[in-house]
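Chemist: Let me begin by handing over the structure; questions about it come next.
Protein chains in written order, with my numbering: chain S, 31 to 493; chain C, 1056 to 1502.
Below, the structure written as structure tokens:
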């Protein structure tokens, strides 16, 4: 993406005030999307963002600047601004020579989005819309969205690292509104993978439309959700959001270092039920949180965070790892070249257990079954977290009963981890997510088998 | 500024016969200083710009954007927007805004003083904020963040219907996130101070707020579930208003995604409720004289003494609803076409302080913070369920802290169940003002 000599000169400029570390991050991203709403293809959007961010670290201070101007002058000016911002003293000239690192080869997108006609992309929207509306007259509104992006990045730093990646992601979602005597209800289906248009060889958009519609129709008959602490069974795939919030964020080394996590100083402790093995894995080909290198040039890695209930490690970016004299775990990510990287999750999941999912439901007298989860939020310092249920049912006498209305569930991470008493053998990855932290959004994946938490507070209105 | 408008006009001038173009051009400078451990943890200096182009031809709309303003990018962006329009389906109500003769108000949104506020001054403010937060209470054991952020934002809108406007504003704030500890338990709290000129910021007040919010939760426990009266802190009310505002947009109403679609003229809220969206109010940090399509903003009453009286419209939803735009086109930057939304919502305040309101409550819950509004509130169905923390109210006074509970109702019921409104209206860094709100009969779910 950039000439190596130009990179070397930019890094030398960045280090000229006596920096301990400097980095250039170059990004060229093209995105396109198409939206169908209210029965018609409403709009297509496409765009391009290209630029570079330069970071300089002096002692404990980081200076950062970015530019959309990738000429020698633009990069030099960004490097000088970052060096000034890092408040370095005088320095000597330092010559830097970067060389490419070996990164595991991975399959590129088989069908790059730019090779697919817009009419073909739009055609998918129409198919999903018609399928959703065919589910019944109760479906009063449908929107469908197609999105793709191709993000090429280059990272080079004063340690001599040079690495590149070409990340293609494709996303499709359908949202329905059903209208009935009880008012309006919504249903949604989404899929997203780090692949090209080949996503639709394995994804049936009509089926997605039908499922979103059925979900909305089912919820028209939903009764108010219970209020209070009861057993909760989470279906396969969805529970990843629970772990993402209950402990994922709390295992990020930047929050650990500031004492802002309940999991600080707990390595080696039993923090979860022995059933729980939690992994964060950026190498999972095709998954939404997958990449070859993170946004600091580190190869993606398979990191075991909790093994059989025992906390084994945190997630690390370059800055925190450098301080601790250990390697980064490949979790340094950023939203774009306009942002500083920080510790972020990739694909976070719980490995499969031994239980038959049917047995888990049968073993629950009275509880809630969550079939689809929405997003969530956590306060890592207290461990309190919430996550939303967008499709859920009561469990009565070991059987799934009536649907219940939407709401949040609330729990405390360290407590909930110890209350997982059954784990299914039906592992599945969940829906694509965008994880927000300090105002930056990055794509993340998650997954779980069916699991049961012996007690969680369901935030409904029914007694 | 003139340069941005020149660029926007240049793109619009490339319109073909029968084609309408809108160009939105922005330029932003931002600095951010984060303090930690008594020195600078990170200093960012950023300058960015971009253009979003909307093309409407034969009722079909296309959009494209670019994060640069060089000539090649402008031409490529217009070409892409044109090409995108060809694949959309026509809608007779599509189009860029038509000038409507409403004059834009004069607003002082740009504080020249920001320019002369040096990097050292900014760093000093962040460090002072951290120091003041740590010193505010002996139980404050650390900070998660203490930062100073400012921006100068300039934007221009030009259309082939003759709109050509520019706006420039400054904004800055300090914010602290404090950690308090007692008996091995940690709690957190935030505080901030916001303005247009950094010299008006009050890091001491931000530090005190952060420390108080964090320390007053120490020792919090999880209570049993019950139905009770809640008092929403101004910060929480503002977030609730944001959701209500969403349901009152022409976009949600016309597309069957609002529970208020068929309720015009109905009593949808307690008679004490009067809700207005007024971006021309200079006291709002989201005040703006022109909307995302270049029309003058204006005051729009939405709920008058409990009666639904208005919806918010941009030019598309206005045309389609056989109404006019209320100057409520909003943009999320230059990367998307304008939508419709509230810009500065506020309730007409009552005449009693929060303390006086609390004095009337035998058994209640002062909700200081909420979590998961994005995951537990459905603005289409109205289902409302959110994580909450704050203080118990017993016999008219604040009592023990509580945490790890949810409060739940529906948006429709919350509006009807409002009992009283405080006199403590304050503008917050969001498109709604906060005010204390007392709501009866809300379900609190706990142990």
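Beta carbons: idealized from backbone N, C-alpha and C, even for Gly. These numbers come from a predicted model, not from an experiment.
#1: Can you tell me which of S:104, S:95, S:221 and S:31 puts its alpha carbon nearest to the alpha carbon of residue 130 (chain S)?
#2: So with CB distances below 7 Å, who are the chain C contacts of residue 154 (chain S)?
#3: List the residues of chain C that residue 96 (chain S) touches, going by C-beta distances under 7 Å, in chain order.
#4: From this set, S:317, S:420 and S:259, which residue's C-alpha is nearest residue 244 (chain S)'s C-alpha?
#5: Starting from the C-beta of residue 384 (chain S), find all residues in its chain whose C-beta is less than 8 Å away, skip the five residues before and the five after it, and write them out in chain order.
#6: For the candidate residues S:109, S:324 and S:424, whose alpha-carbon lies nearest to that of residue 48 (chain S)?
#7: On the DSSP letters alone, give me the boundaries of the beta strand (DSSP E) that residue 1078 (chain C) sits inside.
#8: So, does the CB of residue 270 (chain S) fall closer than 7 Å to a CB anywhere in chain C?
#9: Report the residue ranges of all alpha helix (DSSP H) runs contained in full by the stretch 1225-1295 of chain C; include only those spanning at least 4 residues, in chain order.
#10: Taking 8 Å as the cut-off, does the stretch 1285-1303 of chain C touch the stretch 1487-1494 of chain C (at least 3 CB pairs, one atom from each stretch)?
#11: Would residue 1442 (chain C) pass as an interface residue toward chain S - the criterion being a Cβ-Cβ separation below 7 Å?
#12: Is the stretch 1165-1174 of chain C in contact with the stretch 1355-1367 of chain C, if contact means three or more CB pairs nearer than 8 Å?
#13: At what residues does the alpha helix (DSSP H) containing residue 449 (chain S) begin and finish?
#14: Go to residue 270 (chain S), then tell me how far its alpha helix (DSSP H) extends in each direction, as first and last residue.
#15: Assuming residue 267 (chain S) contacts residue 458 (chain S) under a Cβ cut-off of 8 Å, what Cβ separation, rounded to an integer in Å, is found between them?
#16: Just the C-alpha distance for residue 502 (chain S) and residue 1285 (chain C), rounded to the nearest angstrom, thanks.
#17: Starting from residue 247 (chain S), trace the alpha helix (DSSP H) in both directions and tell me its first and last residue.
#18: Alpha carbon to alpha carbon, what distance is there between residue 62 (chain S) and residue 1396 (chain C)?
#19: How big is the Cα-Cα spacing for residue 1249 (chain C) and residue 1183 (chain C)?
#20: In the DSSP assignment, find the unbroken beta strand (DSSP E) run with residue 210 (chain S) in it and report its ends.
#21: So residue 1198 (chain C) is in the beta strand (DSSP E); what residue range does that whole segment cover?
#22: What is the rounded straight-line gap between the Cα of residue 1137 (chain C) and the Cα of residue 1117 (chain C)?
#23: Out of curiosity, what's the CA-to-CA distance linking residue 1431 (chain C) and residue 287 (chain S)?
#24: Using DSSP bridges, identify the partner residues of residue 181 (chain S).
#25: Taking the beta strand (DSSP E) that residue 332 (chain S) belongs to, which residues open and close that run?
#26: Starting from residue 215 (chain S), find everything on chain C with Cβ-Cβ shorter than 7 Å and list it in chain order.
#27: From this set, C:1412, C:1368, C:1379 and C:1406, which residue's C-alpha is nearest residue 1520 (chain C)'s C-alpha?
#28: Pull out every residue of the stretch 276-290 of chain S whose Cβ sits closer than 8 Å to any Cβ of chain C, in chain order.
#29: Mind the definition here: the stretch 1404-1420 of chain C touches the stretch 411-425 of chain S only if three or more C-beta pairs lie below 8 Å; say whether that holds.
#30: By the DSSP assignment, the beta strand (DSSP E) with residue 310 (chain S) in it spans what residues?
#31: So, helix, strand or coil for residue 1186 (chain C), using DSSP?
#32: Give the secondary structure of residue 1318 (chain C) by DSSP, where H, G and I count as helix, E and B as strand, and everything else as coil.
#33: Kindly indicate which three-state DSSP category residue 3 (chain S) falls into: helix, strand or coil?
#34: Have a look at residue 1404 (chain C) and residue 1481 (chain C) and give me their C-alpha separation to the nearest angstrom.
#35: How far does the alpha helix (DSSP H) with residue 288 (chain S) in it reach, from first residue to last?
#36: Just to confirm before moving on: does the CB-CB distance between residue 1501 (chain C) and residue 1278 (chain C) stay below 7 Å?
Modeler: In this structure, then:
#1: Comparing Cα-Cα distances from residue 130 (chain S) to each of S:104, S:95, S:221 and S:31, the minimum goes to S:31.
#2: Contact annotation for residue 154 (chain S) against chain C: no contact, minimum CB-CB distance about 12 Å [criterion: below 7 Å].
#3: 1101
#4: S:420
#5: 453 and 455
#6: S:109
#7: 1074-1091
#8: no
#9: 1258-1270
#10: yes
#11: Output row for residue 1442 (chain C): interface = yes.
#12: no
#13: That residue, residue 449 (chain S), is in no alpha helix (DSSP H); it is neither H nor E in DSSP.
#14: 270-273
#15: 4 Å
#16: There is no way to answer for residue 502 (chain S), as the model of chain S reaches only from 31 to 493.
#17: Per DSSP, the unbroken alpha helix (DSSP H) holding residue 247 (chain S) starts and ends at 235-250.
#18: 24 Å
#19: If I take the Cα positions, the gap works out to 16 Å.
#20: 191-210 is the span of the beta strand (DSSP E), which, as asked, contains residue 210 (chain S).
#21: 1195-1214
#22: Going from the Cα of residue 1137 (chain C) to the Cα of residue 1117 (chain C) covers about 6 Å.
#23: 31 Å
#24: Bridge partners of residue 181 (chain S): S:59 and S:197.
#25: It spans 332-337 - the beta strand (DSSP E) in which residue 332 (chain S) sits, taken as one unbroken run.
#26: Going along chain C in sequence order, the residues near residue 215 (chain S) (Cβ under 7 Å) are 1436.
#27: Only positions 1056 to 1502 of chain C appear in the structure, and residue 1520 (chain C) is not among them; the question remains open.
#28: 285, 288, 289 and 290
#29: no
#30: 308-311
#31: Looking at residue 1186 (chain C) - three-state DSSP - the assignment turns out to be helix.
#32: coil
#33: Only positions 31 to 493 of chain S appear in the structure, and residue 3 (chain S) is not among them; the question remains open.
#34: 10 Å
#35: It is not in any alpha helix (DSSP H) - residue 288 (chain S) carries neither H nor E in the DSSP assignment.
#36: yes
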